[in-house]
Every structure is written in C-alpha cells, then in structure tokens.
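K.L.:
So the protein sequences, as listed, match chains A and B.
Note that the UniProt record's numbering gives residue 264 to position 264 of the first sequence, counting from 1, and the numbers run on in steps of one.
Note that the UniProt record's numbering gives residue 212 to position 212 of the second sequence, counting from 1, and the numbers run on in steps of one.
Just so it is clear, CB atoms sit at the ideal spot from N, CA and C, and this is done for glycine as well.
Since the structure is predicted, the reported quantities are computational estimates derived from the model, not experimental observations.
Protein chains: 2
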Amino acid sequence: MAQLISDQRDIDFVVHEILEAHTLSELNDNYADFNKKTIDMVIKEAKNLAIKELLPINKEGDETGCTLENGKVTTPASFKRVFDLFNEGEWLAPTEDPQWGGQGMPFTVAAATAEYFNGANYPFMIYCTLTQGAGHLIEHFGTEAQKKTYLKNMYTGKWTGTMLLTEPEAGSDVGALTTKAIPNADGTYNIVGEKIFISGGEHDLAENIIHPVLARIEGAPAGTRGISLFLVPKYRVNKDGSLGQFNDVICTGIEHKMGIHGNSTCSLSLGTRGNCVGTLLGEENKGMKAMFLMMNAARLLVGVQGFACAGAAYMYALDYAKNRIQGRNLTEIMNPGAPAVPIFRHPDVRRQLMVMKSNVEAMRTLIYYVHYCIDMSKYAATDEEKAKYHGFVEVLTPIAKGYVTDRAFEVCSQGMQVYGGYGFIEEYPMAQLLRDVRITMIYEGTNGIQAMDLLGRKLGMNKGKPVMDLFGEMETTIARAKDIPILEKAATKVEEVVKKLAEVAIHMGTTAMGPKVLAAFANAHPFQDATGDTVFAWMLLWRAVTAAQNLEKAKKKDIPFYQGVIKSLEFYAQTVLPITLGRFAALLNTSAVAVEIEDDMFPS
Amino acid sequence: MAQLISDQRDIDFVVHEILEAHTLSELNDNYADFNKKTIDMVIKEAKNLAIKELLPINKEGDETGCTLENGKVTTPASFKRVFDLFNEGEWLAPTEDPQWGGQGMPFTVAAATAEYFNGANYPFMIYCTLTQGAGHLIEHFGTEAQKKTYLKNMYTGKWTGTMLLTEPEAGSDVGALTTKAIPNADGTYNIVGEKIFISGGEHDLAENIIHPVLARIEGAPAGTRGISLFLVPKYRVNKDGSLGQFNDVICTGIEHKMGIHGNSTCSLSLGTRGNCVGTLLGEENKGMKAMFLMMNAARLLVGVQGFACAGAAYMYALDYAKNRIQGRNLTEIMNPGAPAVPIFRHPDVRRQLMVMKSNVEAMRTLIYYVHYCIDMSKYAATDEEKAKYHGFVEVLTPIAKGYVTDRAFEVCSQGMQVYGGYGFIEEYPMAQLLRDVRITMIYEGTNGIQAMDLLGRKLGMNKGKPVMDLFGEMETTIARAKDIPILEKAATKVEEVVKKLAEVAIHMGTTAMGPKVLAAFANAHPFQDATGDTVFAWMLLWRAVTAAQNLEKAKKKDIPFYQGVIKSLEFYAQTVLPITLGRFAALLNTSAVAVEIEDDMFPS
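This is the structure:
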C-alpha cells in the first residue's frame with residue numbers, strides 16, 4: 001500500500017538526519033523529553049490520527065461545506081467528532097507553554113505533525129491553527145486575567161480563536177480599517193464595525209469563539225499608527241469562567257469559495273446593537289505590532305498549508321502513475337503488440353514526478369528548517385545565536401510563505417496533470433487540492449506583499465546581517481558538498497547561482513533605495529522567485545550532502561532513498577538552475593515598463 | 001464602462017492591421033463578401049450576442065451545472081433559449097460550407113467571433129463547437145447519403161454532435177480501445193462498448209445527438225491500425241429525415257468536475273441491449289486518420305478556449321485594478337495622510353497586468369494567425385504556398401494548444417491574484433475562469449502529449465521544411481524591426497532567442513533520434529515552453545513593427561494603443577526572454593535524471 005499524505009522516510013531524514021531534532025532537548029527544559037524515540041512516537045501518533053480521522057472527512061468537508069442559518073454556521077457533520085478527538089489527543093497547541101495547556105513541543109517536531117494534519121485535511125485544521133495563533137497572542141500580550149480567562153480553554157479546544165483584520169475597504173491596507181473602539185468607564189471598550197473574510201468566525205465546533213480584533217480607539221491617529229488590538233469573545237465570560245451573555249458579534253454571511261469549503265469564511269458585524277464589549281490586548285495603538293507577531297507565525301503556517309497540499313498531491317500522483325496502465329514504452333511505440341505499461345514509465349510523467357519530488361523535498365526541508373530556526377531563536381545557547389536564527393526566520397518567512405505557496409500551486413497543478421482527465425473529476429483528490437491550495441497564495445498577505453516584504457524590509461534588515469549570515473550558511477553547505485566527488489558538479493552550479501543572488505540582491509536593494517524605486521518593486525516578485533529557487537537549491541544541496549555522507553554507512557534498504565535525494569539535486573541543478581540564472585539576468589534589466597507605461601496604453 | 005471579455009481595439013489591430021483579413025476575400029468565392037465592413041459587422045454581431053446572451057448565463061451554468069435522471073441530462077435552465085438564439089444567428093458552423101448550412105466565413109474572422117463566444121461562456125460553447133467539429137468530419141469523410149442525413153441539421157443546431165474516443169482504459173492511448181463494431185448484412189454495424197468523458201454526450205438542447213465513434217471491427221488488428229470511425233445517432237433517422245427509434249446509446253453517468261459545469265461530461269453505454277446501429281464513416285481501419293483531421297481542429301479550438309478565458313480574465317483584472325481602492329502610492333507609503341489609490345497604481349499589480357497584457361496579446365495574435373494559416377492553406381494562390389501554410393498549422397498547433405493553455409492557466413491565476421481575497425470568492429468571475437480553463441491543459445491530448453507531438457513529429461516533419469519556413473518568417477519580422485530605431489533593441493533580443501531556438505531545435509531533434517531518445521522526450525515539455533516563449537516574442541515583435549509603422553499616420557486616439565503594443569514587446573523582451581535563454585541552456589543539458597532514476601528511489 002502506498003503511503004498517504006507524506007513520505008515518512010523523508011520526514012525522518014529531515015527531522016533526524018538533517019536537523020538532528022533530538023539535540024534540541026538539551027537547550028530547553030520543556031524539550032527535555034524529546035529524544036529520538038519520543039519524537040518518532042509523537043510524529044507517528046499525528047500520522048495515525050491524520051490518516052485515520054482527518055483524511056476520511058476531507059472530502060465530506062469539501063462537498064458539504066458550511067451553511068449559515070439565523071446567524072449560526074453549521075460545519076460538515078463529521079467535523080465536530082474529529083475536532084473533539086483532535087483535542088483529546090492534545091494537538092491544538094503543540095508548541096505552546098504547558099502551563100496554559102500547550103504541549104511544549106519543539107517547533108521542528110511540530111512541523112512534521114503539521115504536515116500530516118494539513119496534508120490530510122487543511123480546511124479542518126484552520127479552525128485549530130487559528131485558535132493556537134489567537135491563543136499565542138494572548139499568551140504574549142495578555143494580562144494575567146486575560147490569560148486565565150481564555151488560554152486554557154483555547155489550547156484545549158474548548159473554545160476557538162480567530163483573527164479579525166480585514167474589512168471590505170481594508171484588505172492589504174490594514175491601516176484603512178474603520179472599526180471603532182469606544183472606551184467604557186470600567187476600562188473595557190465598545191466595539192463597532194464590520195469584518196470580512198474571517199476564517200472560523202462562526203461555527204458549531206466549540207461553545208465560544210475568541211476574536212482578536214483590530215480597531216481604532218476613538219480619536220486615535222489615522223493609518224496603522226492608530227490601531228489597537230482587542231479581545232472580543234462571542235459570548236462574554238463570567239468571573240467564574242462560565243459563559244455569559246451573547247456579545248453582539250453577528251455572523252452576517254459566509255463566503256462561497258473556490259476551495260477550503262470545510263472552513264467557514266465569515267462576515268462579522270460587531271456591535272450592531274451597541275452591545276459588543278472587548279478588552280484591550282497589549283498597549284493602545286500598538287495593535288499592528290502585536291498582529292505582526294501573529295502574522296509571522298501565520299505566514300509560516302500558510303507556507304505549511306501550501307506545502308502540505310503539494311506534498312499530498314505528490315504522493316497521490318506518484319501512486320496513480322505507478323498504477324495507471326496506459327500506452328506502451330516510448331521505445332516500443334511503433335510496436336502495437338508491446339504490453340501497456342504504467343504511465344510511471346513515460347518520460348514526461350517521470351519529469352513531472354521529478355518536478356514534484358524535488359520541489360516537495362526542498363519545501364519540506366525549508367519549512368522544517370524555519371521551524372528549527374524558531375526553536376534556535378528561542379533556546380540557542382547564546383544571545384548572538386538566538387539573534388542569528390531570529391534573523392533567519394525573518395528573512396526566510398516570505399520565501400516559506402510566498403515562494404513556497406507559488407510552487408505548491410504549481411505542484412498541485414502538476415499532480416492534476418499526471419492524473420490526466422481524472423484529475424479534473426472531483427471524485428479524485430487532485431481537484432480539491434488544487435482548489436484548496438490556491439488561497440495560500442492570497443491570504444496572510446498576498447505573495448506580492450511577501451515579495452515586497454523580502455525586498456523592502458528583510459533584505460536590508462539589521463544592516464543586511466541576517467542576509468549575510470544566510471549566505472554564510474549557504475557557502476558552508478557548498479564547501480561541504482564540493483568535498484564530495486559525486487556532488488561536486490551540482491555544487492558548482494549551486495555556487496554559481498548563490499553568487500549571482502548576492503550580486504542581484506545588492507543591485508535590487510540599491511535600486512529600491514534610489515530613484516528607480518518603483519521599477520525595483522515592479523521586480524520584487526521575480527526577485528522572490530529567483531531567491532526562492534536559490535534557497536531551494538541550497539536545501540537540496542544540504543540534503544544531498546547529508547545523504548552522501550549517510551550513504552557510506554547505510555543499511556541496504558536506505559540506499560535507494562539516499563540516492564533519490566541526490567537525484568533530486570541533480571535534476572534541479574540541470575533543469576531549474578539555468579532558468580534561475582535567466583531570472584537573475586532579467587532582474588539585472590530591472591524592467592521599468594510596468595511602472596512607466598501610461599495608463600491609457602492599457603485597454604479602456 | 002470597461003470593455004467586457006476582450007479588447008476590441010486589439011482584435012481590430014490583429015484582424016485588419018496585422019493579418020489584413022479583407023485580402024482573403026480575393027482568394028476564394030465563399031469569402032468574396034468579406035470586405036472590411038462585413039468583417040466588422042460580423043465581429044460586432046458576435047460580440048453583442050456574446051455579451052448580451054452568453055455572458056449573463058455563464059454563472060448560472062457554473063452554479064446549476066447539469067443533472068442526470070433516468071438517462072436524461074438536464075442542462076442549466078437558460079441554456080436552451082440561448083442555444084436557440086445562437087442558432088437563429090447561424091453561428092454554429094461559421095467556417096463550414098454554405099451548401100450544408102455553414103456560413104463560409106474566413107477562419108481568420110471566425111477566430112474573433114470564437115474569442116467573444118468562448119470568453120463569454122466557454123462551457124456553453126462546447127455543445128456548439130463539438131457539433132461543428134463532428135459535422136466537419138461528416139463533410140470530409142461522409143458519403144453523400146450521410147451528408148444529406150446529418151449535415152444540415154447539425155450545422156443549424158437542430159441536432160448536435162460529439163466525439164467518442166475515450167474509454168476507461170483508453171485515454172491518451174486511444175489504440176487500447178475495446179468498443180466493438182459487428183458488421184450487419186445491410187452494411188451497417190452493431191456497436192457495443194463503453195465511452196467516457198464525452199462532452200455533450202447527452203443533453204436537452206437538441207432533439208438528436210450524432211456521435212462519431214471510434215471502434216474496432218471484429219477481427220481488425222490491435223492498436224490504432226485496427227480502428228474505424230462510425231456514425232452513431234442517439235435516435236436513428238428515418239429515410240424521410242424524421243426521427244426513428246432510440247438507438248441504444250445510454251447515458252450512464254455524468255462527471256462532477258472542477259469546472260465547465262455547464263457542459264455535460266457523459267459516460268455512454270453503446271449497445272447494452274444489442275440495439276445500437278452505426279454506419280461506417282470513411283474507410284475501414286482508417287478511423288485514426290479521420291480523427292486526426294478533427295483532432296487538429298479540436299486542438300486549435302482548445303487553444304481558443306484557453307486563450308479566451310485568459311483574455312476575459314485580463315479584462316476583468318484590469319477593470320478591477322482600476323476601481324479597487326487600496327493602499328497608498330509606494331512613494332508615499334510612510335505618509336498615512338496620503339490618499340488611497342486604485343491598486344492599478346501599485347508596481348506589483350502593474351507587473352501582473354503587464355504579464356497578462358503581453359501574454360494575451362501574443363496569444364491572440366498567434367491564435368488568429370493559425371486561423372489565417374488555415375485560410376491560406378486552403379485558398380492561397382499556389383500549391384506551394386498552400387503547403388507552406390499547412391506546414392505552419394501543423395507546427396504551430398502544439399504551441400497554440402499546449403503552450404497557450406499552459407500560459408492561459410497562469411494568466412487566469414494571475415488575474416485571481418489581482419483580485420486578492422475576492423478572487424477566491426465565487427461571486428467574482430475569477431474562480432470560475434480558473435476552474436474552467438484548467439481542463440484545456442488536459443483534454444484533446446494533454447499538454448505533455450502536445451509537447452511530444454512537437455518534438456517527435458512536427459520538428460522533423462517533411463524534412464524540417466515547415467520549421468525552416470517558420471524561422472524564415474521570424475527572420476523577416478526581425479529584419480523589419482531592426483530597421484525601426486525604437487524597436488532595434490528589443491528586436492536584437494528576439495533575434496538572439498530565435499537563433500538559440502534554431503540551435504536547440506537541432507540539438508533536441510538529433511537527440512530524439514539517437515540513443516538518448518528517452519532523455520530527449522523527458523525534455524519535450526520544457527522544449528515546448530521555450531519554443532512557445534520564442535513564438536510569443538515573434539508575435540509581439542510583429543505587432544510592434546505594425547504598430548510602429550501605423551503610429552506615424554495614427555489618429556490621436558490610436559496613439560496610446562500603438563504605444564501600448566510596443567510596451568508589451570519591451571516588457572516581454574526585458575522580463576521573459578532572459579528566462580527563455582535560461583530554458584534553452586537547461587535544454588542543452590538535456591537532463592536524463594527523470595528517465596535514469598531507479599523506480600525505488602521514489603517513495604514507495
């Protein structure tokens with residue numbers, strides 16, 4: 001039986017052989033128990049739950065979707081049972097503080113569990129992951145009272161959480177929001193406004209929903225500088241912790257979306273009856289800063305969602321290709337008597353599978369590595385190291401979100417192509433994966449916004465130190481690879497691309513600060529593409545170095561796996577990196593056409 | 001009010017200024033009336049019908065879809081009325097022979113009408129275009145009796161037509177089909193078999209459906225060499241032309257698809273009660289040859305479908321970008337008092353629109369040009385010219401289908417990205433366009449199969465003459481462009497890419513005939529990509545040459561349009577062609593990894 005959702009051997013490779021996740025146990029008391037055996041057990045449990053419970057209801061979630069009646073949202077019938085199971089297993093807040101109900105798990109390990117869960121049923125998972133995210137905000141910025149009121153119930157899934165940013169006229173431009181907060185005498189605020197695109201804004205999975213809400217206190221400055229963050233529960237919470245009265249948060253609509261049907265995307269009206277009360281979370285007018293904390297985590301999570309869809313698509317496509325009998329071997333195309341073979345034998349299908357394989361492996365390594373960097377940014381031995389890894393998280397977040405989800409959409413589309421006509425039929429898994437994954441390129445900041453973040457903020461952050469540190473890591477990997485004869489050729493190609501990235505990054509950074517700033521930003525997305533290609537090449541090279549080293553002492557059954565890791569690098573170096581060099585050449589043109597063309601040269 | 005579906009000025013440009021479609025009127029009696037005025041009138045009528053009737057029911061088609069009950073398919077409620085209107089307007093067989101009910105219109109002109117119709121409602125159009133295609137088969141291969149029985153009713157939309165190739169185990173490998181034809185004493189055949197993925201295989205728009213069916217006469221050879229083509233009506237036709245008894249063609253299921261919901265995709269059982277009678281169309285065992293005639297036209301049509309979706313997506317995205325107010329100008333990003341602007345002002349959005357603009361314009365020019373080549377292959381003055389243009393049709397078909405639909409999917413996705421979160425909501429047009437367009441990459445031969453056709457068949461066809469002729473055309477355009485100072489720079493870049501294509505085409509062609517044949521075919525799709533980039537560059541250059549020339553004597557209102565044409569070329573030359581050179585570099589690697597990797601190096 002083929003593996004579902006993900007390639008367990010590759011997960012083991014990344015977690016144990018590349019990142020050596022068990023070494024994290026030495027850094028932090030909470031992690032002390034996470035030796036190799038425990039890590040394996042945790043991932044295995046997540047895998048079992050994902051395959052046995054989340055995956056079987058994924059299609060039901062897509063087909064049934066959510067319905068709204070009289071302000072109440074009904075989720076797909078099986079979701080509640082599985083949501084309860086999920087919480088019984090204590091999976092909702094794996095990386096959060098155990099004192100509040102979290103599991104205190106290393107991020108590196110949680111990445112593997114998240115891959116299985118999201119690959120199995122990502123629309124379902126949104127209810128869970130947003131709850132953790134909202135909880136994390138409270139954990140970080142909340143008063144002791146707020147933490148006591150909300151946290152344990154959220155981390156155990158008794159209540160869920162959301163994130164209320166977007167308004168009809170304030171999407172990418174959060175600063176344009178108009179939701180108001182009017183101070184009450186008791187220190188609370190009356191909240192009035194309309195929010196849209198709220199994932200899990202209303203549903204029937206939990207008895208209360210806690211909304212972190214961005215709003216402007218009356219009289220606060222315009223733009224992002226006047227935004228504060230509030231906690232607004234669906235039902236108020238009495239002092240004894242029991243549920244109080246309805247807090248005037250009304251679900252006025254749910255969106256009919258192309259994908260993620262199992263998750264409710266709600267429009268919420270706050271305070272239409274003047275009766276919506278919230279408490280300030282963090283400081284006045286510092287709401288954006290607080291949201292950014294959540295946003296970085298949320299962006300990485302979106303990368304996980306996209307990657308998990310791509311990973312699942314790859315496993316499905318591979319299985320289909322091995323079993324679908326169609327056509328003869330190309331070398332026998334003129335011989336009608338030759339036997340039909342699995343499409344896995346056809347060169348173009350194998351190319352597609354190699355595209356999927358190399359991209360998914362690079363994604364997995366990058367996504368897990370960013371999680372590892374989070375662990376290190378919190379618990380590395382020295383402050384200097386912590387700062388270094390924090391810088392890596394910052395720089396790599398737009399790649400892990402923007403570049404990864406762009407590629408994830410392509411991988412899912414490639415998977416559909418492997419299925420041929422069956423890929424377009426909803427009975428098979430590809431259509432849903434492609435529809436679901438598409439939103440990951442849009443939400444939590446479109447991928448264009450990620451690219452602007454990379455060029456405008458991350459590149460020059462801290463005088464460019466994080467970027468320089470990252471180049472240092474890449475060079476170390478290249479140097480290691482060049483010492484291994486079978487990798488030398490590919491390593492040289494990766495080195496060429498890394499050097500070119502350094503040149504182009506300086507060019508782009510300088511251009512962005514000069515008179516051609518608009519042209520620079522018109523090339524931000526292509527710059528993110530080329531940077532992402534390079535980062536993926538680095539990941540594949542790192543993998544190949546580890547594989548080549550471990551190959552020497554490998555058990556027989558592991559040999560093909562390690563060889564396959566090296567093949568991914570070779571494929572990428574031969575087929576993608578020449579194109580990456582072309583992307584760099586285009587970036588050095590820094591085309592200004594898009595910003596210089598007059599408006600009336602477009603069709604009216 | 002913004003233009004819907006397409007850019008009329010650009011259609012005029014391609015039809016009149018580039019292809020000079022009115023000159024076709026001199027070549028053929030049927031075309032004699034098609035002077036500029038008539039052409040404009042025909043296109044205007046199509047545009048009106050498309051916008052007033054087809055477009056408004058597109059969403060209904062998507063939402064309602066088709067239903068199957070007791071073997072009967074019900075199409076969306078409004079489809080029948082519009083189908084009748086469409087046929088009253090005599091739009092079903094625009095390019096077919098008037099003696100059978102066609103309109104005898106130049107293909108070049110029909111391309112423009114097809115763009116409007118398919119851009120407005122492509123799922124609806126499938127019923128119509130397949131009918132024309134099936135009719136064309138009968139016109140070409142049918143006996144006088146078959147023509148008399150079927151053609152007029154089909155070309156006037158009283159009856160519709162289909163194309164029955166695919167079976168559950170015979171998709172891309174048509175030769176594997178098992179549908180049987182058993183000769184009867186009266187010269188007819190009893191047909192028995194199961195066909196799937198039949199667009200419009202059953203519906204309620206017309207009183208009869210005529211199925212061209214691929215089947216194997218008992219005792220015929222295995223593979224494609226033993227396949228014959230039959231005409232199988234849903235209801236038999238009496239000698240007086242009236243409908244006779246039901247012909248045992250039973251619709252056993254319809255597919256639940258990701259897109260094109262308005263079109264029924266049927267499973268058909270033929271002869272389950274031993275009562276399905278067909279007549280041979282063309283010669284015994286020559287069914288594939290006949291189907292190929294239809295297939296080339298069908299493949300070009302799929303290119304039209306993909307392009308029309310992309311074109312519509314571009315017009316929607318442009319309109320949205322001009323009207324959606326969000327964020328401030330980048331140069332005032334730090335000034336919260338600056339006014340919010342349309343997203344059309346943001347560099348990344350303008351880049352996206354330029355990607356869409358340049359691709360859509362190149363697509364339009366290529367698609368119309370291939371139609372023009374069909375006209376010329378039929379009616380050019382000399383046999384030599386006819387042969388030349390026939391060769392162009394052959395070589396350009398995989399580009400017009402495979403490359404165009406790959407890009408069309410990306411353009412639709414880009415359009416969704418311009419809409420941001422609203423793009424993912426089904427209320428807005430982007431989700432449907434993206435879902436609908438995706439099948440164009442799969443059906444009528446997946447784009448991988450198109451790429452194999454290009455590399456394995458078209459490249460070396462007729463000793464390479466068509467390909468060489470095509471290079472000749474490109475060189476002519478380049479030479480003209482180099483004489484125009486403002487185009488010289490871009491022309492030089494296009495020239496570089498064209499020369500590289502020539503080198504790589506020889507390399508790929510030679511490799512495909514040598515021991516590395518599998519590696520060559522593992523690079524067939526990337527070769528199609530690079531070839532397509534080059535063809536698009538040629539199209540954009542051709543457009544720019546015409547625009548630059550016409551600019552000199554242009555009316556004031558046309559100046560921005562012509563300048564915009566030149567901007568598309570410049571954008572493409574600066575941002576895409578360097579990447580195309582990278583693609584060529586990758587092709588010269590001719591990576592064999594995909595075909596050399598051992599099966600067990602993939603996950604099990």
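For residue 618 of chain B, which three-state DSSP category applies?
P.N.:
Coverage of chain B is limited to positions 1 through 604, which leaves residue 618 of chain B absent and any answer about it impossible.
K.L.:
Give the C-beta separation of Met154 of chain A and Thr131 of chain A to the nearest angstrom, bearing in mind that I take them to be a contact with Cβ-Cβ under 8 Å.
P.N.:
Numbered from its first residue, the first sequence carries residue 154 of chain A at position 154. Numbered from its first residue, the first sequence carries residue 131 of chain A at position 131. Confirmed, about 5 Å.
K.L.:
Hey, Tyr572 of chain B and Ser413 of chain B: beta-carbon distance below 7 Å or not?
P.N.:
Along the second sequence, read from residue 1 onward, the residue named residue 572 of chain B stands at position 572. Along the second sequence, read from residue 1 onward, the residue named residue 413 of chain B stands at position 413. No. Outside cutoff.
K.L.:
Under 7 Å, Cβ to Cβ, is there at least one residue of chain A near Val213 of chain B?
P.N.:
Residue numbering aside, residue 213 of chain B sits at position 213 when the second sequence is read from its first letter. Judged by the 7 Å Cβ criterion, Val213 of chain B is not in contact with chain A.
K.L.:
Considering only C-alpha positions, which residue in the set B:Ser172, B:Thr580, B:Lys47 and B:Ala50 is nearest to His346 of chain A?
P.N.:
The sequence position of residue 346 of chain A within the first sequence is 346, counting from 1. The residue with the shortest Cα to Cα distance from His346 of chain A is B:Ser172.
K.L.:
What are the residues in the UniProt domain "Acyl-CoA oxidase/dehydrogenase middle" (163–270) of chain B lying within 9 Å of chain A by C-beta distance?
P.N.:
Result list: Thr166, Glu169, Ala170, Gly171, Ser172, Asp173, Gly175, Ala176, Ile196, Phe197, Pro221, Ala222, Gly223, Thr224, Arg225, Gly226, Glu255, His256, Lys257, Met258, Gly259, Ile260 and Thr265.
K.L.:
Within 7 Å (strictly less), CB to CB, does Pro485 of chain A reach chain B?
P.N.:
Numbered from 1 along the first sequence, position 485 holds the residue referred to as residue 485 of chain A. Not one chain B Cβ lies under 7 Å of Pro485 of chain A.
K.L.:
For Gly253 of chain B, collect the residues of the same chain with a Cβ closer than 6 Å to its Cβ; drop the 5 residues on either side in sequence, then sort them by chain order.
P.N.:
The sequence position of residue 253 of chain B within the second sequence is 253, counting from 1. Once the five neighbours on either side are set aside, the close Cβ partners of Gly253 of chain B are Ser267.
K.L.:
Of the residues B:Val545, B:Ile449, B:Ile597 and B:Leu470, which one's Cα is nearest the Cα of Lys482 of chain B?
P.N.:
For the purposes of this step, residue 482 of chain B is taken as residue 482 along the second sequence, with counting starting at 1. Residue B:Val545 is the option with its Cα nearest to Lys482 of chain B.
K.L.:
Between which two residues does the alpha helix (DSSP H) carrying Ile57 of chain B extend?
P.N.:
Mapped onto the second sequence, residue 57 of chain B falls at position 57. Ile57 of chain B -> no alpha helix (DSSP H), and no H or E assigned at all.
K.L.:
Could you tell me whether any Cβ in chain A is nearer than 7 Å to the Cβ of Ile399 of chain B?
P.N.:
Residue 399 of chain B sits at position 399 when you count from the first residue of the second sequence. No, Ile399 of chain B does not count as interfacial toward chain A.
K.L.:
Reducing DSSP to helix, strand and coil, say where Val237 of chain B ends up.
P.N.:
As a position in the second sequence, residue 237 of chain B is number 237, starting the count at 1. Looking at Val237 of chain B - three-state DSSP - the assignment turns out to be strand.
K.L.:
Quick one: using the 10 Å Cβ neighbour count with 16 as the cut-off for buried, is Thr149 of chain A buried or exposed?
P.N.:
Position 149 of the first sequence, counting from 1, holds the residue named residue 149 of chain A. Answer is buried; the Cβ neighbour count reaches 16.
K.L.:
So the beta strand (DSSP E) Thr160 of chain B belongs to, where does it begin and stop?
P.N.:
In the second sequence, counting from the first residue as 1, residue 160 of chain B sits at position 160. Per DSSP, Thr160 of chain B belongs to the beta strand (DSSP E) from Trp159 to Gly161.
K.L.:
Which term fits Met41 of chain A, buried or exposed, when burial requires 16 or more other beta carbons within 10 angstroms of its beta carbon?
P.N.:
Reading the first sequence from its first residue, position 41 is the one you call residue 41 of chain A. By the 10 Å Cβ count, Met41 of chain A comes out exposed.
K.L.:
Can you list the residues of chain B that His525 of chain A reaches, using a CB-CB cut of under 7 Å?
P.N.:
The count along the first sequence starts at 1 and reaches residue 525 of chain A at position 525. The answer, in chain order, is Asp348 and Arg351.
K.L.:
Met601 of chain A CB to nearest chain B CB: under 7 Å?
P.N.:
What you label residue 601 of chain A is simply residue 601 of the first sequence in a count that begins at 1. So yes, Met601 of chain A belongs to the interface.
K.L.:
What are the residues in the segment 120–141 of chain B lying within 9 Å of chain A by C-beta distance?
P.N.:
If the cut-off is 9 Å between Cβ atoms, the segment 120–141 of chain B has nothing near chain A.
K.L.:
Is the shortest distance between the beta-carbon of Asp7 of chain A and the beta-carbons of chain B less than 7 Å?
P.N.:
Counting from 1 along the first sequence, the entry for residue 7 of chain A is found at position 7. With 7 Å as the cut-off, Asp7 of chain A counts as an interface residue toward chain B.
K.L.:
When we look at the beta-carbon of Lys463 of chain A and count the other beta-carbons within 10 Å, is it buried (16 or more) or exposed?
P.N.:
Stepping through the first sequence from its first residue, residue 463 of chain A is reached at position 463. Lys463 of chain A is exposed by the Cβ-count criterion.
K.L.:
When the cut-off is 7 Å and only beta carbons count, does Asn323 of chain B lie next to chain A?
P.N.:
Counting from 1 along the second sequence, the entry for residue 323 of chain B is found at position 323. Not an interface residue.
K.L.:
Decide if Ser242 of chain A is buried, meaning its Cβ has at least 16 other Cβ atoms within 10 Å, or exposed.
P.N.:
Looking up residue 242 of chain A in the first sequence gives position 242. Label assigned to Ser242 of chain A: exposed.
K.L.:
Buried or exposed for Lys37 of chain B, going by 16 or more other Cβ atoms inside 10 Å?
P.N.:
In the second sequence, the residue the question calls residue 37 of chain B occupies position 37. So Lys37 of chain B counts as exposed.
K.L.:
Counting Cβ pairs, one atom from each stretch, are 3 or more of them under 8 Å apart for the segment 533–551 of chain A and the segment 564–581 of chain A?
P.N.:
Cβ pair count under 8 Å is three or more, so yes.
K.L.:
Checking contacts by CB at 7 Å: is Arg299 of chain B closer than that to chain A?
P.N.:
Stepping through the second sequence from its first residue, residue 299 of chain B is reached at position 299. Output row for Arg299 of chain B: interface = no.
K.L.:
On the three-pair Cβ rule with 8 Å, is the segment 122–136 of chain B touching the segment 288–298 of chain B?
P.N.:
Contact holds: three or more Cβ-Cβ distances are below 8 Å.
K.L.:
Run through the DSSP bridge pairs and tell me what His390 of chain A is partnered with.
P.N.:
Here the question's residue 390 of chain A lines up with position 390 in the first sequence. According to DSSP, His390 of chain A bridges with nothing at all.
K.L.:
Would you kindly check if the distance between the Cβ of Ala362 of chain B and the Cβ of Gly402 of chain B is under 7 Å?
P.N.:
For the purposes of this step, residue 402 of chain B is taken as residue 402 along the second sequence, with counting starting at 1. For the purposes of this step, residue 362 of chain B is taken as residue 362 along the second sequence, with counting starting at 1. Not closer than 7 Å, so no.
K.L.:
Name the chain E residues whose beta carbon is nearer than 7 Å to that of Ser25 of chain B?
P.N.:
Among the protein chains in the structure shown, which are A and B, there is no chain E.
K.L.:
When DSSP labels each residue in this structure, what does residue 631 of chain B get in the three-state scheme?
P.N.:
One cannot answer for residue 631 of chain B here, as it falls past the ends of chain B, which runs 1 to 604.
K.L.:
Should Gly337 of chain B be labelled buried (16 or more other beta-carbon atoms within 10 Å of its own) or exposed?
P.N.:
In the second sequence, residue 337 of chain B corresponds to position 337, counting from 1. Burial call: exposed.
K.L.:
List the residues of chain B that Tyr443 of chain A touches, going by C-beta distances under 7 Å, in chain order.
P.N.:
Numbered from 1 along the first sequence, position 443 holds the residue referred to as residue 443 of chain A. The contacting residues are Gly421.
K.L.:
Please list, in chain order, the residues of the segment 503–523 of chain B that have any C-beta partner in chain A closer than 9 Å.
P.N.:
The residues in question are Val517, Leu518, Ala519, Ala520, Phe521, Ala522 and Asn523.
K.L.:
Can you give the beta carbon distance from Gly445 of chain B to Ile367 of chain B, rounded, assuming they're within the 8 Å contact cut?
P.N.:
Mapped onto the second sequence, residue 445 of chain B falls at position 445. Mapped onto the second sequence, residue 367 of chain B falls at position 367. About 17 Å; that fails the 8 Å criterion.
K.L.:
Hey, how far is the Cα of Val576 of chain B from the Cα of Gly133 of chain B?
P.N.:
What you label residue 576 of chain B is simply residue 576 of the second sequence in a count that begins at 1. What you label residue 133 of chain B is simply residue 133 of the second sequence in a count that begins at 1. If I take the Cα positions, the gap works out to 36 Å.
K.L.:
Measuring only the C-alpha atoms, how far is Ala554 of chain B from Leu455 of chain A?
P.N.:
By one-based count along the second sequence, residue 554 of chain B stands at place 554. By one-based count along the first sequence, residue 455 of chain A stands at place 455. Those two C-alpha atoms are separated by around 41 Å.
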